[in-house]
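Numbering (this note's numbering), first residue to last: 2 to 753.
All residues carry an ideal CB built from backbone N, CA and C; glycine is no exception.
Everything on this sheet refers to the single structure shown next.
Here you go:
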């Protein structure tokens, strides 16, 4: 799922993603979620807006689609004359334009979801592309924010049906079941641990690879449930502990201060820039603590458990995950891998982080009669939790159900005086003027999310659907055929049933979640290289057979295999040369004879250093080195087994510190070339993308951003540009280097 807020403006320096989303959606406190000031259900929020003429704002700002979707229905805004008179002008001028979008995407393996977004009170005109059944793309213009009861803004809501509620959140009960681990079909965002009463905390653990506690000094034994959240981001790992509030049971208090990189070890450091950065060094931590299978150990460090049980086996089975955790009054070491401790992720919507499903209002009217919400209002907890309540009630835009939902206004409540028949009739006329044919989704009760919380939450997911992956592949790509000789070539994309691209997508998503390639910029760097290296996900094997031609006649002289055959490139980020292969085998816990490993690595190094003997004195063959059948099979599986193809690529990512380079600011550079038989073509690069690319291709050139010898870098940049457009909100520089363009030039985005 790729998602963004309905307004997209530049970020402020140092602004977090959550803060940016919130700034894009200032909410009218009188028209908030899930109830309005009259304690009636309110399925969305009113996003305040005033067109502003200052840096970072368009003179007229457009409401945009929050995700790829399809237009279910729409209504073009009425004229201002109609807006200014009754029934639209009921308690102030109100615009009546709307757009309803249906979004279908994926959030995990075999976890396709459908949800809807509604943009109400739009003014002036809708974008010409808005037609019933039309496809819209994330960030596309929909229309302009109008007025609601004399206030500039628009109503915005996100909802789904029962079936998709279970897929999106995993439950419909108020709280998460903490008697068992969370789901594994979708895992993303923060990792959470439930520590039951009786959990022991230890002063120190001399051997972090041992689960045994016989000789450890216990400093605390918990007497209440504790909940620990583990957050990875830009190299850091932050641990936060919560416990239930002593007065209001639905609230949870933070215990102690957040612990940042507390368990980072100097022994795991590789380069100065990542010193004591726990996340950046997870690969080396996994090798140190879980040498029998570092890949399984990496999952333990990342998720608190092994979730790829079909491919990974933790050795030993009781290998621990010792982490420093806060308890009331101090900190101590806890083995979070213990079976008594249950593991979850943000995909489980943990209630201790505020998420609660509200389905205790049994009537079908608009009056909020939820005991849970009533309790929150009484104890003052509603303001703290309202944005993370997911509530089940009818949609308010169905004219046919108006009397069912609002007849209670005639009799009134303790808080709302009875409404006269005349006033009720005027309200009904106003509402009817705004309602529309809601179709099947609007006939029953629906699950409603706070839009700001929904968008903020699912921006952590980054699981790519088939359509989203397809959009990363440009329609055309630049190829360097020689010095100052460029070709602009169309790209054929094949992702039909049974294709490599279709079959590998789940493996790519799984490995990106495991290895924390989970931000738009990291994904852009990872797939910007992988998609190009594999010929647009067409083959997981380098075309290792080369042809030599006579430079005068162009006749074929001979065909031969590349000199490092059979250790040529395989996988999504193609592993090449014996050392990379053997390092990957070790990461996967596979034992290889050291003499064969050493011999092959030394031979490759010798040939690499002496170009003139690469074909005449080459001793890399399997036969000459007595390479066992299992090693040959493992090597071949890197291309033939799509799990291995993706897994080996993410291994390469973490082993070469690509995340460190991808996390830098991406300053886009507009590059202009004139390919043969084509006009001027534009592509984009950045120093950050160069360094991430060089890290796995030419490590000794990481800081030489002007180096020209990285094979296919210009082509990789074409994928990178599409990825930036599809995955991020970053704008592209124009010919004057001003970041104002919403899309890459040269009509590169692949749609449809």
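Problem set entry | Rounded distance between the beta-carbons of residue 80 and residue 456, thought under 8 Å | By one-based count along the chain shown, residue 456 stands at place 455. By one-based count along the chain shown, residue 80 stands at place 79. With a beta-carbon spacing of about 32 Å, residue 456 and residue 80 fall beyond the 8 Å limit used to define contacts.
Problem set entry | Candidates 178, 185, 146 and 574, of which the one nearest residue 61 by Cα | For the purposes of this step, residue 61 is taken as residue 60 along the chain shown, with counting starting at 1. Residue nearest to residue 61 within the set 178, 185, 146 and 574 is 146 (criterion: CA-CA distance).
For this session: Have a look at residue 746 and residue 16 and give me their C-alpha separation to the nearest angstrom.
Result: On the chain shown, residue 746 is found 745 positions in, with the first residue counted as 1. On the chain shown, residue 16 is found 15 positions in, with the first residue counted as 1. Whole-angstrom Cα-Cα distance: 28 Å.
Exercise. With distances taken between CB atoms, is the gap from residue 25 to residue 464 smaller than 8 Å?
Worked result: Taking the first residue of the chain shown as 1, we reach residue 25 at position 24. Taking the first residue of the chain shown as 1, we reach residue 464 at position 463. In this structure, residue 464 does not lie closer than 8 Å to residue 25 by Cβ.
For this session: Would you kindly report the start and end of the unbroken beta strand (DSSP E) that includes residue 25?
Result: Position 24 of the chain shown, counted from the first residue, corresponds to residue 25. Residue 25 -> not in any beta strand (DSSP E); alpha helix (DSSP H) instead, spanning 18 to 25.
Exercise. So which of 247, 260, 254 and 688 has the shortest CA-CA distance to residue 240?
Worked result: What you label residue 240 is simply residue 239 of the chain shown in a count that begins at 1. When the alpha-carbon of residue 240 is set against those of 247, 260, 254 and 688, the nearest one is in 260.
Problem set entry | Separation of residue 638 from residue 571, as counted between CA atoms | Here residue 571 refers to the residue found at position 570 when the chain shown is read from its first residue. Here residue 638 refers to the residue found at position 637 when the chain shown is read from its first residue. Taking the straight line joining both Cα atoms gives about 9 Å.
Problem set entry | Backbone CA spacing between residue 263 and residue 325 [nearest angstrom] | Position 262 of the chain shown holds residue 263. Position 324 of the chain shown holds residue 325. Distance between the alpha carbons of residue 263 and residue 325 is about 7 Å.
Problem set entry | residue 694 Cβ short of 7 Å to the ligand SAH heavy atom set | Among the components modelled here there is no ligand, and therefore nothing to report on the ligand SAH.
Exercise. Where do the N-terminal and C-terminal ends of the alpha helix (DSSP H) with residue 370 fall, by residue?
Worked result: The count along the chain shown starts at 1 and reaches residue 370 at position 369. Neither: residue 370 is in no alpha helix (DSSP H) and is coded neither H nor E.
Problem set entry | Alpha carbon of residue 708 to alpha carbon of residue 695, nearest angstrom | Counting from one through the chain shown, the residue named residue 708 turns up at place 707. Counting from one through the chain shown, the residue named residue 695 turns up at place 694. Answer to the nearest angstrom: the Cα atoms are 10 Å apart.
For this session: Use the C-beta contact count for residue 33: other C-beta atoms within 10 angstroms, 16 or more gives buried, fewer gives exposed.
Result: Along the chain shown, one-based indexing puts residue 33 at 32. The Cβ neighbour count for residue 33, taken over all protein chains shown within 10 Å, is at least 16; the residue is labelled buried.
Exercise. So, residue 355 versus residue 389, is the Cβ gap smaller than 8 Å?
Worked result: In the chain shown, residue 355 corresponds to position 354, counting from 1. In the chain shown, residue 389 corresponds to position 388, counting from 1. Going by C-beta atoms, residue 355 is nearer than 8 Å to residue 389.
Exercise. For residue 501, which of helix, strand or coil comes out of DSSP?
Worked result: One-based indexing of the chain shown puts residue 501 at position 500. In the three-state scheme derived from DSSP, where H, G and I count as helix and E and B as strand, residue 501 is classed as helix.
Problem set entry | Chain-order list of residues whose beta-carbon lies under 7 Å from that of residue 565 (same chain, five-residue window excluded) | Here residue 565 refers to the residue found at position 564 of the chain shown. Same-chain partners within the cutoff: 577, 578, 605 and 621.
Exercise. Bridge partners of residue 102, per DSSP?
Worked result: For the purposes of this step, residue 102 is taken as the residue at position 101 of the chain shown. Looking at the DSSP output, residue 102 shares a beta bridge with 72 and 118.
Problem set entry | Best match in 659, 505, 521 and 386 for proximity to residue 573 [C-alpha to C-alpha] | Here residue 573 corresponds to residue number 572 of the chain shown, with the count starting at 1. Nearest neighbour of residue 573 by Cα position, chosen from 659, 505, 521 and 386, turns out to be 505.
Problem set entry | Length of the line joining the Cα atoms of residue 558 and residue 104 | By 1-based counting over the chain shown, the position of residue 558 is 557. By 1-based counting over the chain shown, the position of residue 104 is 103. In this structure, the alpha-carbon of residue 558 lies about 56 Å from that of residue 104.
Exercise. Relative to the C-alpha of residue 36, which residue among 451, 533 and 476 is closest?
Worked result: Position 35 of the chain shown, counted from the start, is the residue given in the question as residue 36. The residue from 451, 533 and 476 with its alpha-carbon nearest to that of residue 36 is 451.
Exercise. Relative to the alpha-carbon of residue 228, which residue among 158, 345, 730 and 642 has its alpha-carbon at the smallest distance?
Worked result: Here the question's residue 228 lines up with position 227 in the chain shown. That would be 345, whose Cα lies nearest to the Cα of residue 228.
Problem set entry | Any 3 or more C-beta pairs closer than 8 Å across the segment 494 to 514 and the segment 529 to 545 | Three or more Cβ pairs drawn from the segment 494 to 514 and the segment 529 to 545 lie within less than 8 Å of each other, which places the two stretches in contact.
For this session: Taking residue 1 as the reference, give the member of 419, 20, 391 and 382 with the closest Cα.
Result: Residue 1 falls outside the range modelled here, since the chain spans only 2 to 753, and no answer is possible.
Exercise. Buried or exposed: where does residue 282 fall if 16 or more other Cβ atoms within 10 Å of its Cβ makes it buried?
Worked result: Taking the first residue of the chain shown as 1, we reach residue 282 at position 281. Under a 10 Å Cβ-count criterion, residue 282 is classified as buried, with 16 or more other Cβ atoms of the shown protein chains found around its own Cβ.
For this session: To the nearest angstrom, report how far apart residue 527 and residue 214 are at their CA atoms.
Result: On the chain shown, residue 527 is found 526 positions in, with the first residue counted as 1. On the chain shown, residue 214 is found 213 positions in, with the first residue counted as 1. Rounded to the nearest angstrom, the two C-alpha atoms are 41 Å apart.
Problem set entry | Opening and closing residue of the beta strand (DSSP E) in which residue 489 lies | For the purposes of this step, residue 489 is taken as residue 488 along the chain shown, with counting starting at 1. It spans 486 to 491 - the beta strand (DSSP E) in which residue 489 sits, taken as one unbroken run.
Exercise. Does the Cβ of residue 543 have 16 or more other Cβ atoms within 10 Å, making it buried, or fewer, making it exposed?
Worked result: Within the chain shown, the letter at position 542 stands for residue 543. Classification of residue 543: buried, given that the 10 Å Cβ count is 16 or more.
For this session: For residue 684, I'd like the list of residues in its chain whose CB is within less than 7 Å of its CB, leaving aside the five on either flank, ordered along the chain.
Result: Sequence index remark: in the chain shown, residue 684 carries index 683 (1-based). Within the same chain, Cβ atoms closer than 7 Å to the Cβ of residue 684 are found at 479, 672, 715, 718, 719 and 722, the five residues on either side in sequence being excluded.
Exercise. What do you get for residue 467, buried or exposed, if any count of 16 or more other CB atoms within 10 angstroms of its CB means buried?
Worked result: Position 466 of the chain shown, counting from 1, holds the residue named residue 467. Exposed is the call here.
Exercise. Hey, how far is the Cα of residue 140 from the Cα of residue 68?
Worked result: Counting from 1 along the chain shown, the entry for residue 140 is found at position 139. Counting from 1 along the chain shown, the entry for residue 68 is found at position 67. Distance between the alpha carbons of residue 140 and residue 68 is about 7 Å.
Exercise. Just how far apart, CA to CA, sit residue 362 and residue 495?
Worked result: Numbered from its first residue, the chain shown carries residue 362 at position 361. Numbered from its first residue, the chain shown carries residue 495 at position 494. Approximately 49 Å, taken between the alpha carbons.
Exercise. Which runs of the beta strand (DSSP E) fall wholly inside the segment 358 to 433 and span at least 3 residues, in chain order?
Worked result: Within the segment 358 to 433, the runs of beta strand (DSSP E) that reach at least 3 residues and sit entirely inside it are, in chain order, 390 to 395.
Exercise. Which residues in the same chain have their Cβ closer than 8 Å to the Cβ of residue 307, if we skip the five residues on either side of it in sequence?
Worked result: Walking along the chain shown from the start, residue 307 turns up at place 306. Sequence-distant partners of residue 307 (beyond 5 residues in either direction) whose C-beta falls short of 8 Å from its own C-beta, in its chain, are 297, 300, 301, 313, 314 and 315.
Exercise. Residue 469 lies in the alpha helix (DSSP H); which residues open and close that run?
Worked result: To locate residue 469, count along the chain shown from 1; it is residue 468. That run of the alpha helix (DSSP H) goes 467 to 472.
Exercise. So, using beta-carbon positions, are residue 1 and residue 192 closer together than 8 Å?
Worked result: Since the first residue shown for the chain is 2 and the last is 753, residue 1 is missing from the structure and cannot be characterised.
Problem set entry | Local conformation of residue 537 per DSSP, three classes | For this step, residue 537 is matched to residue 536 along the chain shown. Here residue 537 sits in coil by DSSP.
Exercise. Under the three-state reduction of DSSP, which class applies to residue 644: helix, strand or coil?
Worked result: Locating residue 644 in the chain shown gives position 643, counting from the first residue. It is helical.
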